[in-house]
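Chains as they are written, first to last, in UniProt numbering: chain A, 1 to 239; chain B, 1 to 239. Every residue, glycine too, gets a C-beta built ideally from N, C-alpha and C.
There are 2 protein chains.
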Amino acid sequence: MGSQTFNEIYHILRERILAGKYSVKMRLPIEDALIAEFDSSRYAVRKAIAKLAKEGLVYSVKGRGVVLLEHSPQTQQFNLALNNLNGLQSLNAERHLDYQTEVVAFHQQIVDQALSEHTAFEVGIPVYAIQRVRIVDGIRAVLDINYFNAQRTPTLTAAIAKRSIYQHFKKNGLKIAVVKRMLRVETATELDQAQLALDDNNCIGNMISIAFNDEGRQFEYTESHFIPNKFNFNELIRN
Amino acid sequence: MGSQTFNEIYHILRERILAGKYSVKMRLPIEDALIAEFDSSRYAVRKAIAKLAKEGLVYSVKGRGVVLLEHSPQTQQFNLALNNLNGLQSLNAERHLDYQTEVVAFHQQIVDQALSEHTAFEVGIPVYAIQRVRIVDGIRAVLDINYFNAQRTPTLTAAIAKRSIYQHFKKNGLKIAVVKRMLRVETATELDQAQLALDDNNCIGNMISIAFNDEGRQFEYTESHFIPNKFNFNELIRN
DNA sequence: GAGTGGTCTAGACCACGGT
DNA sequence: CCGTGGTCTAGACCACTCC
């Protein structure tokens with residue numbers, strides 16, 4: 001995978017940028033110069049630059065060139081992307097926090113009208129309904145409320161839910177193609193108050209995820225309720 | 001702009017997808033068929049598909065084809081992207097809420113060590129420091145705390161801050177290239193409690209934005225503190 | 001093995017920025 | 001005007017999926 005032309009160019013350029021090699025002019029060399037240096041095609045060079053741009057390191061201006069973005073320790077921190085598809089791991093996975101999981105509820109049910117309206121699952125299909133608390137550094141930090149389409153996921157058990165559902169999916173050949181996410185701040189419910197270490201806070205962050213397999217079918221609806229002051233979400237917006 | 005080949009193909013395919021024209025097979029026609037139909041190059045067709053994928057409508061699988069993602073009213077809602085570069089407008093701009101602005105504070109200052117550490121501005125440079133409350137539907141919903149590099153932005157006044165700073169920038173030729181964002185949930189400060197309609201809630205959402213001009217220079221650091229239960233942020237993650 | 005998307009090459013012309 | 005990135009074409013070969 002890493003031996004693709006554009007990826008090699010990307011990695012070399014990235015290293016040079018972070019080492020400050022282009023910081024005098026605040027510009028990347030022009031495309032023709034990079035094509036000559038790497039003895040490759042324009043396609044590969046442009047794809048490498050596009051990857052750098054997606055990461056927030058550079059910005060292309062038509063008619064002028066490829067500009068480097070200023071980067072400080074603070075703005076660098078913003079580059080730790082939220083691109084992890086896994087469940088809790090997406091929350092500041094880079095810290096590699098140790099955590100335990102407590103399964104609060106585990107059962108199967110049929111989707112009714114009310115559940116259908118917010119999960120987007122069809123009425124009548126069977127789902128696994130799971131509630132788990134994630135204990136991070138000894139703190140009850142996250143309440144995960146999952147609904148998995150039972151027809152599109154391998155068989156689940158409470159024991160699997162205590163370990164890693166996503167690893168279980170991976171082992172059984174379920175491929176996650178796309179996740180749509182929504183973030184909001186909400187007043188804590190009684191369930192949140194009971195399960196999470198909110199201290200004096202009476203609100204939670206709610207990360208709603210809808211996941212699709214590689215056949216385009218939704219197999220998951222999840223709400224992750226998390227305590228304040230602990231988790232960050234990063235995003236990059238390009239013009 | 002809209003007459004580019006790939007953009008035309010994109011719009012046509014998008015319309016067909018939303019009209020359900022491909023929903024039987026849950027697939028897009030293969031690339032060669034689209035090349036033939038639109039009498040264009042593979043480049044244009046692939047670029048159109050890439051745009052659909054970025055939007056969360058399709059997903060390409062090597063060796064199989066381009067799969068349509070299931071879309072329901074709920075998952076469609078997730079497509080309203082957070083791609084607006086403007087300040088408050090990025091918060092659910094599609095609703096076109098009427099709002100008023102109250103300028104709470106407006107002054108110039110020099111960046112000291114403490115301010116430098118969280119804004120990423122260099123110590124010693126002059127900045128505009130502005131605090132504004134956004135009153136949405138009569139509710140004090142957002143507290144914007146802005147710092148603008150005075151050397152890289154056109155002259156600002158309190159009157160401009162009451163209207164639109166971004167329109168003022170645009171008129172004066174400042175181009176916003178990239179915005180890096182961070183989202184978190186925090187315990188409300190005394191300032192938040194004083195300025196926002198928090199009711200019984202004691203937390204806020206905090207959207208931190210660092211904006212760069214098209215020369216790659218940071219010109220803005222902003223914190224937008226917003227009340228719970230009112231704003232949503234969407235995101236799409238692809239594998 | 002046939003079908004399909006991913007990568008790559010070698011060109012061409014256009015649109016925009018700066019001089 | 002020149003230099004630059006953006007779009008586009010016409011091909012080629014590779015990697016993966018499915019039968």
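Given this structure, state the Cα-to-Cα distance separating A:Gln4 from A:Ala36, to the nearest angstrom. Straight through space, the alpha carbons of A:Ala36 and A:Gln4 are spaced by roughly 17 Å.
Considering only C-alpha positions, which residue in the set A:Glu8, A:Ala19, A:Val24 is nearest to A:Val45? Of the candidates A:Glu8, A:Ala19, A:Val24, the one whose C-alpha sits nearest the C-alpha of A:Val45 is A:Glu8.
Could you tell me the alpha carbon to alpha carbon distance between A:Arg217 and B:Ser60, rounded to whole angstroms? A direct Cα-to-Cα measurement between A:Arg217 and B:Ser60 gives close to 14 Å.
Could you please tell me which residues of the segment 196-220 of chain A, in chain order, have their CB closer than 8 Å to any CB of chain B? Result list: Asp200, Asn201, Asn202, Cys203, Ile204, Gly205, Ile210, Phe212, Asp214, Glu215, Gly216, Arg217, Gln218.
Roughly how many whole angstroms lie between the Cα atoms of A:Leu191 and A:Phe106? So the two alpha carbons sit approximately 15 Å from each other.
Applying the criterion that 16 or more other CB atoms from any shown protein chain within 10 Å of the CB defines a buried residue, is B:Asn146 buried or exposed? Buried, since its Cβ has 16 or more Cβ neighbours within 10 Å.
Beta-carbon proximity of B:Asn206 to A:Asn202, cut-off 9 Å: Contact: no.
Alpha carbon to alpha carbon, how far is A:Leu52 from A:His11? Give it in angstroms, no decimals. In this structure, the straight-line span from the alpha carbon of A:His11 to that of A:Leu52 is close to 9 Å.
Name the residue from B:Leu28, B:Arg184, B:Phe219 whose alpha carbon lies nearest to the alpha carbon of A:Asn234. The option with the nearest alpha carbon to A:Asn234 is B:Arg184.
Buried or exposed, going by whether 16 or more other CB atoms sit within 10 Å of the CB of B:Ser41? By the 10 Å Cβ count, B:Ser41 comes out exposed.
Can you list, in chain order, the residues of its chain with a C-beta nearer than 8 Å to that of A:Val58? Leave out the 5 residues immediately preceding and following it. Close CB contacts of A:Val58 within its chain, under the 8 Å cut and outside five residues either way in sequence, are with Ile17, Leu28, Ile49, Leu52, Val66, Val67, Leu68, Leu69 (chain order).
A:His118 versus chain B: which residues are under 8 Å apart at the beta carbon? Gln74, listed in chain order.
Please name the residues in the segment 108-133 of chain A whose beta-carbon is closer than 8 Å to at least one beta-carbon of chain B, in chain order. Going along the segment 108-133 of chain A in chain order, one finds Glu117, His118, Thr119, Ala120 with a Cβ nearer than 8 Å to chain B.
Pairs of beta-carbons, one from the segment 148-159 of chain A and one from the segment 117-133 of chain A, closer than 8 Å: are there three or more? Yes, the segment 148-159 of chain A touches the segment 117-133 of chain A.
Run through DSSP, which three-state label would A:Asp137 get? Three-state DSSP puts A:Asp137 in coil, outside helix and strand.
For the segment 212-230 of chain B against the segment 173-180 of chain B, do three or more pairs of beta-carbon atoms, one drawn from each stretch, fall closer than 8 Å, so that the two count as touching? With three or more CB-CB distances shorter than 8 Å, the segment 212-230 of chain B counts as touching the segment 173-180 of chain B.
Pick from A:Lys170, A:Asn239, A:Asp39, A:Arg163 that is closest to A:Pro154, judged by C-alpha positions: Comparing Cα positions, the closest option is A:Lys170.
Leaving out the 5 sequence neighbours to the left and right, which residues in its chain are closer than 7 Å to A:Thr101 when beta-carbon positions are compared? For A:Thr101, where only same-chain residues beyond five positions count, the Cβ hits under 7 Å are Arg132, Arg134, Lys162.
Check distances from the C-beta atoms of the segment 142-176 of chain B to those of chain A and list, in chain order, the residues that come in under 7 Å. Cβ proximity to chain A below 7 Å picks out Ile176 from the segment 142-176 of chain B.
Rounded to a whole number of angstroms, what is the C-alpha to C-alpha distance between B:Glu15 and A:Asn229? Cα to Cα, the separation comes out at about 42 Å.
Cβ-based burial, B:Thr119 [other Cβ within 10 Å; buried from 16]: Buried is the call here.
In angstroms with no decimal places, state the Cα-to-Cα distance between A:Glu220 and B:Tyr166. One C-alpha to the other measures close to 39 Å.
Would you list the one or two residues that DSSP bridges to A:Pro126? Answer is A:Ile110.
Comparing the C-beta of residue 252 of chain B with each C-beta of chain A, is any distance below 9 Å? Any question about residue 252 of chain B goes unanswered here, given that chain B covers just 1 to 239.
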